[in-house]
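Numbering (mature numbering (1 follows the signal peptide of the UniProt record, and there is no 0)), first residue to last: -18 to -1, 1 to 529.
Each residue gets a CB set at the ideal place from its N, CA and C atoms; glycine is no exception.
All figures in this text were calculated on a predicted structure; none of them were measured in a lab.
Please read the structure below before turning to the comments.
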C-alpha cells in the first residue's frame, strides 16, 4: 500500500535480509536461470474485457448521496483460460491500487497461474474501481476529474460488492455456453495489500457467493497514524545502517525541539535542501530511501522481493553508502558538532551525499525547479488537481476517508528512522487540499476507521479464508500476523501462514520454472495448492448446503 509520486517512475528492489547476503547471491543465481517471470506460459496473451458493473450497490444508503447519473460503468477484467477445463474453478485476482494490466504477470507465472494449472482452473484479474480505466461516472470524470463528489463511491464496501456482483453475473467471452458464475462454480479470490484486505472483507460479507479467498499481506487493521511501518525495518535491515540513521535523526530532532533555526539552516544546506521551507518536508525527503506509507520516489524496503527480475539492490546500496568507510565525506560529520555539545554526527556526510546524488536529481529534468517546488508539500493547488487519473488520487481518497495509515515518527521512548516532527497533522494535511467539500459529500476531518475495522480487523477469520503474511513486511502491524494480533492455529480450513523471511505479499509472484524458486517461496505456493485442493473437494457439500 502506498501511492507513487508523479515525477519519477518507480522500480522494485531485491532483498538482503539483515546482515545475511545469501539472498542477494540467490538473486544473482536466478538471473542466470531460465526463470524470467515475463516469459509466458502460453502462446496467446490473456484476453482483456469489460463488464457492466453497478456504480452504487447501496442506493438506500444516505452515505453515498443522490443516485449516480449512470447506474453502471465498464469495469476492466483480464482472463487467462490456458489451463482451464470445463467444470474447473475460477481464480480471481483483485488488482487493488493499480490497473489490471499491472498485475498481468500473475496470470502468467504468479500464484493465480500456479493455482489454475494445478486445478485446471481459469485465472482472471478484476480491475479495482477508480484504477486503470475502470471509472464510475466516466462522463463526469472526463469533465470534472476525480472530484470529491465523483469519488464518493470509492469505498471498501463498494469494492467488495463489485467482486460478488461480478462473480454472479459475468459471462466470459469464448465460454458463453457454460455457466461460470458463482455460487454454482467455485470462485476463489486472491489479493495482496489493500486488495488482500478487501479479499478478507469479501469473505466476511459474501461467503454465500464467493467460495474461498487468499488474503496476502491484507492490511485489515486501519490506524490513523502508522509509525509501525518502520519497526520491521529497524529489526531486520543491516544494523550498522539503521543505527547510523537513528543517531542522525535523533540529533535532527534535538535541533528541531530546541528550535535552533541557524543549525537547521546549516543542516538543510549540507543535504542540498536549503530551499525547503518546512523542516518536516526536509525530514520526509531525507527518509525517501527508507520509505514511508504514502509517497516516495525510489525503491525502498517495501519493494524488496525474492525475485531479482522484479527487484534491484537500491535499499542496500543506500545502506552501503551511508556506512561506507572509504568515503571522502567524513569531514562533514563534525560540521554540526558545535550545535550538539561536540558530538560527532557519524556518517552524516555519507547520508547527505546519497541524498544529493540519488534523490535531488529526481526533480523533473529540464524544469527550473528548486528543492522546495519539487519536495515541498505545501502546494495546495497541485494537490487539488482532480485530473490525476493515475491511481494516486483514488488511493489518497480512501486513505483520507477510511483507512488512514499516515506516516508518523516513532513515539517517545523508541528509536526512530523518521523524525518525530512528522505527525499525522502534517501527513494528513494533503486531505484538506486534495478534497474540498463537494455538493453531495465531504472527506471527514479524520478517516472513519470504523468503516475499515468493522469487518474484524486483527481478529478477522472465517472458513476458507487463507491469511498469508510476511515476517519482514513493513505493513505487518496492520495484518493479522501483527505482533499485537490474535494468534490462531494454522488449518486447511482456515490457513494462517507467515512467510518468516517474506516481505509484502511475496507469494503473489512466481517463476516460470517453479523448481528454481527459493525453498520458502516454493513452500507457501505448494501449501496454497494443497489447501485450495482441500477446499475444492468440499465444494459439492457446501453448494448443497446453500439450497
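I need the boundaries of the beta strand (DSSP E) containing residue i, first residue and last residue.
| i | result |
| --- | --- |
| residue 275 | Run containing residue 275: none; DSSP gives neither H nor E here. |
| residue 76 | 72 to 76 |
| residue 151 | It is not in any beta strand (DSSP E) - residue 151 instead sits in the alpha helix (DSSP H) that spans 138 to 151. |
| residue 207 | 205 to 207 |
Out of the options, which one is the CA nearest neighbour of residue i?
| i | options | result |
| --- | --- | --- |
| residue 212 | 190, 271, 332 and 432 | 271 |
| residue 300 | 316, 498 and 333 | 333 |
| residue 57 | 383, 29, 357 and 114 | 114 |
| residue 275 | 372, 506, 478 and 455 | 455 |
| residue 273 | 457, 41 and 96 | 457 |
| residue 48 | 151, 55 and 38 | 38 |
| residue 53 | 117, 85 and 106 | 117 |
| residue 146 | 432, 190, 106 and 414 | 190 |
| residue 83 | 60, 102 and 97 | 60 |
| residue 126 | 368, 34 and 222 | 368 |
| residue 148 | 490, 192 and 488 | 192 |
| residue 446 | 476, 466, 437 and 440 | 476 |
| residue 436 | 81, 163, 33 and 202 | 202 |
| residue 453 | 94, 98 and 199 | 199 |
| residue 111 | 150, 169, 86 and 32 | 32 |
| residue 89 | 494, 415 and 406 | 494 |
| residue 234 | 489, 401, 259 and 487 | 401 |
| residue 417 | 381, 315 and 450 | 381 |
| residue 220 | 303, 242 and 170 | 303 |
| residue 93 | 511, 526 and 432 | 511 |
| residue 414 | 471, 295, 375 and 527 | 375 |
| residue 46 | 482, 383, 438 and 295 | 383 |
| residue 528 | 164, 99, 102 and 135 | 164 |
| residue 314 | 329, 307, 371 and 306 | 329 |
Would you kindly report the start and end of the unbroken alpha helix (DSSP H) that includes residue i?
| i | result |
| --- | --- |
| residue 524 | 501 to 528 |
| residue 424 | Note, residue 424: premise wrong, no alpha helix (DSSP H); not H, not E. |
| residue 101 | 93 to 101 |
| residue 355 | 353 to 357 |
| residue 540 | The chain is shown only over -18 to 529; residue 540 falls outside these bounds and no answer can be derived. |
| residue 434 | 432 to 435 |
| residue 531 | Nothing can be reported for residue 531, as the shown portion of the chain is limited to -18 through 529. |
| residue 374 | 374 to 380 |
| residue 341 | Counting along the chain, residue 341 falls outside any alpha helix (DSSP H), and DSSP gives it neither H nor E. |
| residue 407 | 406 to 409 |
| residue 228 | 221 to 239 |
| residue 245 | 243 to 252 |
| residue 365 | 362 to 365 |
| residue 304 | 296 to 304 |
| residue 263 | 261 to 268 |
Contact check, residue i vs residue j under 8 Å by CB: the rounded distance?
| i | j | result |
| --- | --- | --- |
| residue 108 | residue 172 | Contact flag wrong, Cβ pair sits at about 11 Å. |
| residue 262 | residue 403 | 5 Å |
| residue 167 | residue 71 | 7 Å |
| residue 386 | residue 131 | Not a contact, Cβ separation roughly 22 Å. |
| residue 484 | residue 507 | About 12 Å separates the two Cβ atoms, so there is no contact after all. |
| residue 448 | residue 175 | With 8 Å as the limit, residue 448 and residue 175 do not qualify as a contact, their Cβ atoms being about 15 Å apart. |
| residue 120 | residue 55 | 6 Å |
| residue 337 | residue 236 | Residue 337 to residue 236, Cβ: 20 Å. No contact. |
| residue 335 | residue 311 | 5 Å |
| residue 51 | residue 122 | 7 Å |
| residue 440 | residue 204 | Incorrect: roughly 11 Å between the Cβ atoms, too far for contact. |
| residue 517 | residue 194 | 5 Å |
What does DSSP give as the partner residues of residue i in its beta bridges?
| i | result |
| --- | --- |
| residue 387 | DSSP lists no partner for residue 387. |
| residue 61 | 29 and 106 |
| residue 88 | In the DSSP output, where bridge partners are listed per residue, residue 88 has none listed. |
| residue 55 | 35 |
| residue 449 | 197 and 478 |
| residue 174 | 198 |
| residue 169 | 72 |
Less than 6 Å between the CB of residue i and some heavy atom of the ligand ATP, yes or no?
| i | result |
| --- | --- |
| residue 332 | With respect to the ligand ATP, the structure offers nothing, as it holds no ligand at all. |
For chain D, find out if any of its Cβ atoms is closer than 7 Å to the Cβ of residue i; answer yes or no.
| i | result |
| --- | --- |
| residue 367 | The structure shown contains no chain D; it is built from a single protein chain. |
Discussion item. Any contact between the stretch 220 to 230 and the stretch 181 to 195? By contact I mean 3 or more CB pairs, one from each, below 8 Å.
Written reply: no
Worksheet item: For the 8 Å Cβ check, are there 3 or more pairs between the stretch 280 to 288 and the stretch 252 to 268?
Response: no
Worksheet entry | the stretch 60 to 73 / the stretch 454 to 464 touching (three or more Cβ pairs under 8 Å) | no
Discussion item. Does the contact criterion of 3 or more C-beta pairs under 8 Å hold for the stretch 352 to 366 versus the stretch 234 to 249?
Written reply: no
Discussion item. With three or more beta-carbon pairs closer than 8 Å as the criterion, would you say the stretch 138 to 154 touches the stretch 424 to 432?
Written reply: no
Discussion item. Taking 8 Å as the cut-off, does the stretch 389 to 405 touch the stretch 199 to 214 (at least 3 CB pairs, one atom from each stretch)?
Written reply: yes
Worksheet item: Counting Cβ pairs closer than 8 Å, one from the stretch 284 to 295 and one from the stretch 316 to 325, do we hit at least three?
Response: no
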